[in-house]
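Have a look at the structure below, then the notes.
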Amino acid sequence: MNVFPTGLRVLVVDDDPTWPKIIEKMLKECAYEVTTCGLAIEALSMLRERKDGFDMVISDVNMPDMDGFKLLEHVGLEMDLPVITTSVDGESSRILRGIQHEACDYLLKPTRMKELRNVWQHVYRKKINAVSYVQEEDNL
C-alpha cells in the first residue's frame, strides 16, 4: 500500500447521482475529506465562497449546466487548484482537450482505487511548483 497524506479536501462534481457516492466512499477510505455537488455552476459558487476550502477538484466533463472543461478553465484562472477530469469517454481527442485546459489528470470511469489513492500527488506538485515560481520571482 502506498503512503499518502490524510485530510486532503476534495470537491467532486458530477451530475450523475450514483457516481459521486461511489467516488466519495473510495476517497473517504483514503481518509480524504469529500464534498460533492451535482452542477458545475454550484461547484464554482462553492469554490468562490470557500476560498482555500479545497485542495483539489475532481469533475466530470459532461454536465448539463457547464461542461467540465469550462469549470476547469474557471478554476485555473480564479483558484489555481489542481483539477482532475473524469469521463466514461476515453477518446484521445477528449483526453487531449483536458490536457490543453491544464487538467492534472484524466480518469476513466469506473475509476480504480489505486488511481484515487494517488490524487494527492497532484496537489503536492502544484504546491511545489508554486513555491519554486515564487522563489524564482524573489531572485529576480
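If you use my numbering, the sequence shown corresponds to residues 1464 to 1603, in order.
In this text, a Cβ means the ideal position worked out from N, Cα and C, and glycines have one as well.
Predicted, not measured: the structure shown is a model, and the values here were computed from it.
Checklist entry - Residue ranges of each beta strand (DSSP E) run of no fewer than 3 residues wholly in the segment 1500–1584, ordered along the chain? => result 1519–1523, 1546–1550 and 1568–1571
Checklist entry - Taking DSSP as the reference, what is the three-state secondary structure of L1474? => result strand
Checklist entry - Touch check for the segment 1493–1512 and the segment 1551–1559: three-plus C-beta pairs under 8 Å? => result With a cut-off of 8 Å, the segment 1551–1559 and the segment 1493–1512 do not count as touching, because too few Cβ pairs lie within range.
Checklist entry - In this structure, what does DSSP give as the bridge partners for V1586? => result For V1586, which the question treats as bridged, DSSP gives no partner whatsoever.
Item to check | Nearest candidate by alpha-carbon position, reference D1530, set W1482, R1588 and T1548 | outcome: When each option's Cα is compared against that of D1530, the closest is T1548.
Next on the checklist: Please list the terminal residues of the continuous alpha helix (DSSP H) segment that includes P1483.
Outcome noted: W1482 to E1492
Next on the checklist: Per DSSP, what are the beta-bridge partners of T1498 in this structure?
Outcome noted: DSSP, once it has assigned bridges, lists L1474 as partnering T1498.
Next on the checklist: Cutting at 6 Å between CB atoms, please list the residues of its own chain near T1499, excluding the five before and the five after it.
Outcome noted: Excluding sequence neighbours, T1499 sits near V1475, P1483 and E1487.
Next on the checklist: Is there a C-beta anywhere in chain B that falls below 8 Å from the one on S1556?
Outcome noted: The structure shown contains no chain B; it holds only a single protein chain.
Item to check | D1479 versus M1526 - alpha carbon distance | outcome: So the alpha carbons of these two residues sit roughly 9 Å apart.
Checklist entry - Does the separation of the CB atoms of L1571 and V1546 fall below 8 Å? => result Taking 8 Å as the Cβ cut-off, L1571 and V1546 do not qualify as a contacting pair.
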